[in-house]
Every structure is written in structure tokens, then in C-alpha cells.
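Asks: Starting off with a structure, shown below.
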Amino acid sequence: MTERAASALDLDWDSPPDADDLVREAVEWHFNPKTGSEFWLERAKKLDFDPRKDVRTVADLTLFPNIVDELRDIRLETLIPKGYASLKRFSERPVVGESGGTTGEPKRVFALPDVINHAWDWYHRRLEDHGITKGPNWLGVVPTGPHMVGKLARDTAASFDAIFFTVDLDPRWAKRLVARGAVDELKAYVNHLLDQIEWILRSQDIGVLAITPPLLEAACQRESLVELINAKVRTLTWSGASMDEDTRHLLRTEVFPDVNIVGIYGSTMIFCAIPERRGTSLEEPAIFDPPSPFSMFSVIDPDTKESVPYGERGQLVCHHITRNLFLPNNLERDTAVRHKHALGLAGDALSEVKPVKAFGDKAVIEGVY
29 MTERAASALD
39 LDWDSPPDAD
49 DLVREAVEWH
59 FNPKTGSEFW
69 LERAKKLDFD
79 PRKDVRTVAD
89 LTLFPNIVDE
99 LRDIRLETLI
109 PKGYASLKRF
119 SERPVVGESG
129 GTTGEPKRVF
139 ALPDVINHAW
149 DWYHRRLEDH
159 GITKGPNWLG
169 VVPTGPHMVG
179 KLARDTAASF
189 DAIFFTVDLD
199 PRWAKRLVAR
209 GAVDELKAYV
219 NHLLDQIEWI
229 LRSQDIGVLA
239 ITPPLLEAAC
249 QRESLVELIN
259 AKVRTLTWSG
269 ASMDEDTRHL
279 LRTEVFPDVN
289 IVGIYGSTMI
299 FCAIPERRGT
309 SLEEPAIFDP
319 PSPFSMFSVI
329 DPDTKESVPY
339 GERGQLVCHH
349 ITRNLFLPNN
359 LERDTAVRHK
369 HALGLAGDAL
379 SEVKPVKAFG
389 DKAVIEGVY
């Protein structure tokens with residue numbers, strides 16, 4: 029008896045399906061009345077096309093409206109595909125993640141174990157590519173609470189058999205301080221965080237430090253912290269906020285020349301964290317290759333909606349296509365330089381990511397994350 033081929037939606041992220049095949053299977057899953065979510069089944073009634081008939085390729089994803097702003101208010105239950113009820117192996121409750129609130133009220137998504145496992149395993153293997161090994165303890169100076177990055181850091185440390193230390197970090201409070209110009213309060217809060225980092229580094233053996241660029245730059249102003257990081261930390265990952273190329277070069281060549289520094293690009297709306305491309309020289313920017321076609325990027329001219337030439341800057345459009353969530357055509361708050369994907373997969377790779385100054389009617393505030 030011939031075994032039934034695995035669904036494109038269930039393939040390992042390191043053995044990706046054809047991108048168009050994934051799009052067709054995802055649309056059938058999310059818009060079939062038997063398996064789709066209440067949200068997309070209701071939204072389909074208002075679209076001027078039939079997703080199950082008219083969406084056949086990656087290019088067709090641009091037919092969809094960008095709905096991510098609605099994720100600030102949608103009841104989570106309406107987003108979960110009905111089909112999960114019949115998949116007995118996915119019986120756990122969803123993990124809820126929220127965005128940092130950079131562009132207003134937080135957006136809210138979820139993940140069920142199948143996609144968590146794929147995304148987390150893919151991330152683990154990329155860190156292995158960068159030389160991270162089992163054993164050394166981790167210190168996570170990243171948002172926890174409703175922020176998915178905190179769960180990712182804790183789970184990834186566990187996957188490397190590491191003890192995980194962490195620091196309370198509330199990026200939304202820091203953004204509020206920035207928004208109202210409370211410079212002294214923000215400095216006091218940053219110093220409070222740096223004190224906690226120093227206490228842990230002084231007393232514990234920390235081999236991997238996961239931190240945000242603004243806090244890393246603040247740590248560089250404390251000679252004692254620079255000495256501790258150089259003495260103890262083998263690998264330093266930065267993520268959350270942007271880092272300009274001059275700062276990255278300075279950190280790699282002068283401040284922490286013997287520390288393995290790895291940039292991470294991530295977003296709640298694409299539900300993955302992407303370590304930079306391995307093997308770039310000190311003179312090259314960090315390039316981020318997404319786990320296409322499950323998460324794909326396009327770098328476009330926001331006026332024409334067309335892709336910019338390779339090597340030029342444009343605004344980021346993301347597509348997240350999994351059995352969990354269907355989030356196509358999401359215009360992100362970031363701009364980036366466009367590159368070909370290192371593996372020749374669908375969509376673009378990115379470098380020199382930085383936020384726009386305003387997004388919609390909101391000023392973009394990075395704060396400490």
C-alpha cells in the first residue's frame with residue numbers, strides 16, 4: 029500500500045516544500061469550512077475573490093488585505109483553525125504571544141505545538157551553525173511575559189542543556205518613558221537592568237548572552253560589564269531593536285573581539301527568529317535568510333508595491349503560512365536592503381534592517397527592544 033505523501037504544511041522547515049504548493053494547501057486548509065478559522069471564513073465572504081480558486085501561487089498572496097492591525101482586538105479563539113480539533117496529536121492549548129507595542133496597542137497571535145516545534149528546531153539548528161554547543165549557561169536579557177521571544181530563549185537554552193538565567197525587562201514601559209520624554213527615568217530603568225545583568229555575570233558562569241542592542245550599547249558604557257562579558261561569554265546574540273552597521277563592526281572588532289556575536293531578526297507576526305547568515309566577513313552586513321516558504325519576505329517600494337532591485341532599500345512585506353496561522357501580505361514597520369535568499373528559496377533575504385519613523389498614524393519607538 030502506497031503511503032500518503034506528507035502535507036506541505038507539516039514538513040520540517042529544513043526540508044521545505046515548493047512555495048506554491050504550500051500556498052495552495054494553506055489556502056485550502058484555512059478557507060475550507062471544515063478546517064478553517066472563524067476569522068478567515070467570515071472574512072472570505074467580504075473578499076472580491078475566492079481564495080480556494082484564485083490563490084494558486086506566492087504572487088497571489090498580494091490579493092489579500094493586510095489584516096494584522098485587527099490582531100489587536102480579535103478574540104483569539106476565532107483565529108484557531110477548526111481542523112485542529114480532528115488532529116489528535118495537537119491536543120495542547122495554544123501559546124499566546126504579543127507584539128512589543130512599538131506601533132500602538134499590542135497585536136496578539138498564538139502558536140500550537142506543531143509550529144512551535146518546527147520554528148524552535150529550525151532556530152536551534154541555525155544557532156548550532158554559529159557554533160553554539162550544549163552545556164554553557166544562558167542569560168536572557170529579553171522581554172518575557174506576553175512576548176514570545178522570552179519563551180523562545182528559555183526553550184532554546186533548554187534544548188542546549190543549559191541553565192537559563194533571566195532579567196525582568198518590560199519594553200512597553202521603556203517605550204512609554206521615551207514617548208513622554210522622561211529621559212532621567214529611562215536612564216534609571218536602564219541602570220536597574222544593567223545592575224541585574226552585572227550581578228548575574230559576576231556570580232554565575234554564563235556562556236551565552238541574549239540581549240537587545242540598546243541594552244548592549246548601554247552595557248558598553250560600564251567598563252566592569254565589558255570586562256565580565258569578555259571574560260565569560262562565548263556567544264552574544266542581539267535582537268529586538270535595530271543595530272547600525274558601524275556599531276556592529278565596532279563591537280566585533282574592538283569591544284568584544286573574541287566573542288562570537290550573532291545578530292537575530294525576528295517578529296511576532298512571522299513567528300520565527302532568524303540568525304544572521306553564517307560566514308560573513310567583518311566588512312559585510314548581517315544578512316537574514318528566513319525559513320521560506322513558511323515565513324517569506326518581500327522588500328518593496330511602498331508607493332509602487334513592486335520589489336526594489338537587489339542591493340537597494342525598501343519596506344518589508346511578510347507572509348506567514350503555517351497550519352496555525354495564515355498572515356499574508358503584512359506590511360511591516362521595518363525597511364531593509366534586499367538580497368537573494370542564500371538557499372535560492374522563494375522570497376527575499378534582508379540586511380541593514382531599521383524601523384520607519386512613523387507607521388500609519390503612530391510614531392515608531394524602539395526603546396530598549
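If you read the sequence shown in the working numbering, its first letter stands for residue 29, the second for the next number, and so on.
Built from N, CA and C at the ideal position, the CB exists for glycine as well.
Please read all numbers here as calculations on a predicted model, not as lab measurements.
Going by beta carbon distance, what residues of the same chain come within less than 8 Å of Asp233, once the five residues before and after it are set aside?
Replies: Indexing the sequence shown from 1 puts residue 233 at position 205. Pro164, Asn165, Lys260.
Asks: So for Glu31, helix, strand or coil by DSSP?
Replies: Here the question's residue 31 lines up with position 3 in the sequence shown. Any reading at Glu31 must be qualified, since the residue scores a pLDDT of 46, below 50, and its modelled position is unreliable; no value is offered.
Asks: Grab me the residues of Phe92's own chain with a C-beta within less than 7 Å of its C-beta, minus the 5 sequence neighbours each way, in chain order.
Replies: Along the sequence shown, one-based indexing puts residue 92 at 64. Contacts found: Pro356, Asn357.
Asks: Buried or exposed, going by whether 16 or more other CB atoms sit within 10 Å of the CB of Tyr397?
Replies: By one-based count along the sequence shown, residue 397 stands at place 369. Because the pLDDT of Tyr397 is 44, which lies under 50, any placement of that residue in the model is unreliable, and the number read from its coordinates should be weighed accordingly. Tyr397 should be labelled buried.
Asks: What does Asn165 pair with, by DSSP beta-bridge criteria?
Replies: Working through the sequence shown from its first residue, we reach residue 165 at position 137. Answer is Ile234.
Asks: Have a look at Glu360, Trp41, Leu167, Asn352 and flag the residue whose alpha-carbon is nearest the alpha-carbon of Ala113.
Replies: Locating residue 113 in the sequence shown gives position 85, counting from the first residue. Out of Glu360, Trp41, Leu167, Asn352, Asn352 has the C-alpha closest to the C-alpha of Ala113.
Asks: Rounding to the nearest angstrom, what Cα-Cα distance links Phe387 and Val254 in this structure?
Replies: In the sequence shown, the residue the question calls residue 387 occupies position 359. In the sequence shown, the residue the question calls residue 254 occupies position 226. Annotation note: pLDDT 48 at Phe387 (below 50); position unreliable, no value reported.
Asks: Assess, as a yes-or-no matter, whether the region 317 to 331 is touched by the region 63 to 80 under the definition of 3 or more beta carbon pairs within less than 8 Å.
Replies: no
Asks: Is it a yes or a no for the region 361 to 370 touching the region 337 to 353, going by three-plus beta-carbon pairs under 8 Å?
Replies: yes
Asks: Could you please give the first and the last residue of the uninterrupted alpha helix (DSSP H) stretch that includes His146?
Replies: For this step, residue 146 is matched to residue 118 along the sequence shown. Per DSSP, His146 belongs to the alpha helix (DSSP H) from 141 to 157.
Asks: Run through DSSP, which three-state label would Gln224 get?
Replies: Counting from one through the sequence shown, the residue named residue 224 turns up at place 196. DSSP places Gln224 in helix when its eight states are reduced to three.
Asks: For Lys135, count the other beta carbons within 10 Å of its own beta carbon; 16 or more makes it buried, fewer makes it exposed. Which is it?
Replies: As a working note, residue 135 is residue 107 in the sequence shown. Note on Lys135: 16 or more other CB atoms within 10 angstroms of its CB, so buried under the neighbour-count rule.
Asks: For Pro313 and Asp376, I'd like the C-alpha separation in whole angstroms.
Replies: Position 285 of the sequence shown holds residue 313. Position 348 of the sequence shown holds residue 376. Near 15 Å, if we compare the C-alpha coordinates of Asp376 and Pro313.
Asks: Identify whether Leu264 lies in helix, strand or coil by the three-state DSSP scheme.
Replies: The residue you call residue 264 lines up with position 236 of the sequence shown. Looking at Leu264 - three-state DSSP - the assignment turns out to be strand.
Asks: Kindly indicate the opening and closing residues of the beta strand (DSSP E) around Asp320.
Replies: Position 292 of the sequence shown holds residue 320. It should be pointed out that residue 320 corresponds to Ser in this sequence rather than to Asp. Ser320 -> no beta strand (DSSP E), and no H or E assigned at all.
Asks: For the 8 Å Cβ check, are there 3 or more pairs between the region 263 to 280 and the region 240 to 248?
Replies: Counting Cβ pairs under 8 Å, three or more are found: they touch.
Asks: Determine the closest residue to Val170 out of Ser379, Phe354, Arg306, Ile292, with distance taken between C-alpha atoms.
Replies: For the purposes of this step, residue 170 is taken as residue 142 along the sequence shown, with counting starting at 1. Residue Ile292 is the option with its Cα nearest to Val170.
Asks: List in chain order: all unbroken alpha helix (DSSP H) runs of 4+ residues lying wholly within the region 48 to 89.
Replies: Complete alpha helix (DSSP H) runs here, min 4: 66 to 72, 79 to 82.
Asks: Thinking C-beta only, is Ile349 closer than 9 Å to Ala54?
Replies: Sequence index remark: in the sequence shown, residue 54 carries index 26 (1-based). Sequence index remark: in the sequence shown, residue 349 carries index 321 (1-based). Going by C-beta atoms, Ala54 is nearer than 9 Å to Ile349.
Asks: Check each candidate in Gly168, Val283, Asp183 and name the one with the smallest Cα separation from Leu229.
Replies: One-based indexing of the sequence shown puts residue 229 at position 201. For the residues Gly168, Val283, Asp183, the minimum Cα distance to Leu229 belongs to Gly168.
Asks: DSSP three-state call for His369: helix, strand or coil?
Replies: Here residue 369 refers to the residue found at position 341 when the sequence shown is read from its first residue. Residue state, collapsed to three classes: coil.
Asks: Between Arg305 and Ile315, how many whole angstroms is the CB-CB distance? I'm expecting something under 8 Å.
Replies: Reading the sequence shown from its first residue, position 277 is the one you call residue 305. Reading the sequence shown from its first residue, position 287 is the one you call residue 315. The pair is a contact, with the Cβ atoms about 4 Å apart (cut-off 8 Å).
Asks: Reducing DSSP to helix, strand and coil, say where Asn288 ends up.
Replies: Mapped onto the sequence shown, residue 288 falls at position 260. Strand.
Asks: Judging by CA-CA distance, which residue of Leu373, Ser270, Glu126 is the nearest neighbour of Asp46?
Replies: As a first step, residue 46 is located in the sequence shown; it is residue number 18 there, counting from the start. Minimum Cα distance to Asp46 is reached at Leu373.
Asks: So if DSSP puts Gln343 in a beta bridge, which residue, or which two residues, is it bridged to?
Replies: Position 315 of the sequence shown, counting from 1, holds the residue named residue 343. In the DSSP assignment, Gln343 forms a beta bridge with Ile328, Thr363.
Asks: So the candidates are Gly307, Gln249, Ser187, Ser326; which of them puts its Cα closest to the Cα of Lys215?
Replies: Counting from 1 along the sequence shown, the entry for residue 215 is found at position 187. Closest option to Lys215, Cα to Cα, is Gln249.
Asks: Sort out for me which residues DSSP pairs Arg351 with in a bridge.
Replies: What you label residue 351 is simply residue 323 of the sequence shown in a count that begins at 1. Its beta-bridge partners do not exist; DSSP assigns none.
Asks: Could you tell me how far apart the beta carbons of His175 and Pro109 are, in whole angstroms, since I believe they sit closer than 8 Å?
Replies: Residue mapping note: residue 175 aligns to position 147 of the sequence shown, counting from 1. Residue mapping note: residue 109 aligns to position 81 of the sequence shown, counting from 1. That belief does not hold up - the Cβ atoms of His175 and Pro109 are roughly 24 Å apart, past 8 Å.
Asks: Evaluate the contact criterion for the region 188 to 204 versus the region 140 to 150: three or more CB pairs, one atom per stretch, below 8 Å.
Replies: no
Asks: Can you list, in chain order, the residues of its chain whose CB lies under 6 Å from that of Ala36, leaving out five sequence neighbours each side?
Replies: Start at 1 with the first residue of the sequence shown, and residue 36 comes out as number 8. These residues qualify, in order along the chain: Pro45, Asp49, Leu50, Glu53.
Asks: Considering only residues of the same chain and omitting the five flanking positions on each side of Ala34, which have a CB-CB separation below 6 Å?
Replies: For the purposes of this step, residue 34 is identified with residue 6 of the sequence shown, where counting begins at 1. Closer than 6 Å at the Cβ level, and outside the excluded window around Ala34, lies no residue.
Asks: Applying the criterion that 16 or more other CB atoms from any shown protein chain within 10 Å of the CB defines a buried residue, is Pro337 buried or exposed?
Replies: Taking the sequence shown and counting its residues from 1, one reaches residue 337 at position 309. Pro337 comes out exposed.
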